[in-house]
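Structure record follows, encoded as structure tokens.
Spelled out as structure tokens, the structure:
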């Protein structure tokens, strides 16, 4: 006996916020999960970094201004400074001073007491050893890696939601099975009460039934609490607000018990139907893409170091005004700058060799982990097939337990067996039902994990 968990509601009810499907729970998780949102921010940051690298292709323009005022002139030149400290120079200086004194003329040239300058400068790189091109390739690769990591985080979050969602479905179905057993016990109690009244049964039989009903009631309460906790765990993870308290009304939030998780344990595909070629699935995994990007990044890092060892060429220009020695005036200049590293070549060559080894290590790790990913996909499929077989075994066991229970109840009605045997059969049937539900839960969880990796 299988219980379908797709509850029947009016068409308008499915538009309500308290009806949640697996896809809806995943979407809500991606919208509210801090890890997923942070991964999206990493993608945005990587795109901005790519734009930063793109700006290196264009000229840089800067404006500057400066001024100074010295306590004493920075330049003072007299006759002795020009002719040197000789006797003739001192005689000439004395004659000039004597001649200039009546006219109040300074015999020393003084300048750079104060000054100011300002202008605009433009620099355009022409060749930088390939570092600008390589830097842009690294930035583009960083953006791709951020997107892949974001997809990987979404998959990880979805797997967690899947486990919690199917756990709730399992608890709901167990609750439904307990309701069915409760009805069976109620019917059995009425039959035993009638038999006691007719004198064909004793009160001990009735006590056994009532004791089993108490055990079942305690189990239902425990299951109800577990279901509430499972709902709270999932709703907190996907960012849905709810009213957790029974009996306390809250007009702004839906009561926890009013949430309906729409799904079924019967809509199941076989492992053969879900199968995807392991090598193709492994090649499409986010982990494999990141391994390949790691190799590319190491290669680009080595190319950046090579660029540091190559000459660089740039052009520039300046235009502005100044007041230093002469009167204020505007002026401009164009210049070219060639830089050739010489002494750093030995250090850079060793660094290039070291990074070459890092590239080889990244390649080895990629090859090894790629094979491991293929093995992981094969293991997932084997585990999926094993979970499917266990589910089928559990279903068969439940069917046998159901048939046996029906036979025992028929024998009891004919007076051919005791109440104890009926209760044992009902307990065995309940255990078989729970085993089938748990096995189905394991299979559905494994199936969705396999599907997420095969997308």
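Numbering (this note's numbering), first residue to last: 2 to 456.
Note that beta-carbon positions come from the ideal geometry of N, C-alpha and C, so glycine has one too.
This structure is a prediction, so every number in the text was calculated from the model and none was measured.
Would you mind stating whether residue 407 and residue 433 have Cβ atoms separated by less than 7 Å? no
Hey, residue 235 and residue 245: beta-carbon distance below 7 Å or not? Here residue 235 is not near residue 245, since their CB atoms are 7 Å or more apart.
For residue 149, which residues of its own chain have a beta-carbon under 6 Å away from its beta-carbon, when the five flanking residues on both sides are left out? 287, 290, 291
For residue 151, count the other beta carbons within 10 Å of its own beta carbon; 16 or more makes it buried, fewer makes it exposed. Which is it? buried
Range covered by the beta strand (DSSP E) that runs through residue 324: 313 to 324
Opposing strand residues paired with residue 262 [DSSP bridges]: 21
Runs of alpha helix (DSSP H) lying entirely within the stretch 337 to 399, each at least 4 residues, in chain order: Within the stretch 337 to 399, no complete alpha helix (DSSP H) run reaches 4 residues.
With distance defined between alpha-carbon atoms, name the residue in 178, 349, 315 nearest to residue 335. 315
For residue 335, three-class secondary structure by DSSP: strand
Opposite residue 70 in the DSSP bridges: which residues? 115
Tell me, to the nearest whole angstrom, how far the beta carbon of residue 240 is from that of residue 32; I am working on the premise that it is less than 8 Å. 7 Å
Determine the closest residue to residue 66 out of 100, 221, 120, 383, with distance taken between C-alpha atoms. The closest CA to that of residue 66, considering only 100, 221, 120, 383, is found on 120.
Endpoints, the beta strand (DSSP E) within which residue 277 is located: For residue 277, there is no enclosing beta strand (DSSP E), since its DSSP letter is neither H nor E.
Find out if the Cβ-Cβ distance for the pair residue 298, residue 142 is shorter than 7 Å. The Cβ atoms of residue 298 and residue 142 sit closer than 7 Å to each other.
Could you name the residues of the same chain whose beta carbon sits closer than 8 Å to that of residue 71, not counting the 5 residues immediately before and after it, in chain order? 113, 114, 115
Quick check on DSSP: helix, strand or coil for residue 76? strand
DSSP three-state call for residue 267: helix, strand or coil? coil
Residue 250, DSSP secondary structure in three states: coil
Can the beta-carbon of residue 159 be found closer than 7 Å to that of residue 43? Between residue 159 and residue 43, the CB-CB gap reaches or exceeds 7 Å.
On the premise that residue 164 lies in contact with residue 446, defined as a C-beta separation below 8 Å, what is that separation, rounded to the nearest angstrom? About 5 Å separates the two Cβ atoms, so the contact holds.
For residue 308, three-class secondary structure by DSSP: helix
Simplified DSSP assignment, three categories, for residue 4: Low local confidence applies: a pLDDT of 37 at residue 4 is under 50, so the model's placement there is unreliable, and no value is given.
With 16 other Cβ atoms within 10 Å as the buried cut-off, status of residue 172: buried
Can you give the Cα-Cα distance for residue 385 and residue 227, rounded to whole angstroms? 27 Å
Is residue 132 closer than 7 Å to residue 308 when the C-beta atoms are compared? yes
For residue 124, which beta-bridge partners are listed by DSSP? 61, 317
Could you name the residues that DSSP lists as bridge partners for residue 289? Checking the DSSP bridge columns, you'll see residue 289 has no partner listed.
Going by beta carbon distance, what residues of the same chain come within less than 6 Å of residue 370, once the five residues before and after it are set aside? 292
To the nearest angstrom, how far is the alpha carbon of residue 197 from that of residue 430? 26 Å
With three or more C-beta pairs closer than 8 Å as the rule, is the stretch 176 to 186 touching the stretch 216 to 227? With a cut-off of 8 Å, the stretch 176 to 186 and the stretch 216 to 227 count as touching, because enough Cβ pairs lie within range.
Mapping DSSP to helix, strand and coil, what is residue 330? strand
By the 10 Å Cβ neighbour count, where 16 or more other Cβ atoms means buried, how is residue 49 classified, buried or exposed? Burial call: exposed.
In angstroms, rounded to a whole number, what distance separates the CA positions of residue 270 and residue 175? Going from the Cα of residue 270 to the Cα of residue 175 covers about 22 Å.
State the DSSP-derived secondary structure class of residue 414, mapped to helix, strand or coil. Helix, per DSSP.
Using three-state DSSP, classify residue 458 as helix, strand or coil. An answer regarding residue 458 cannot be provided, because it is not within the stretch 2 to 456 covered by the chain.
Identify which residue in 184, 193, 187, 252 has its Cα closest to the Cα of residue 415. 193
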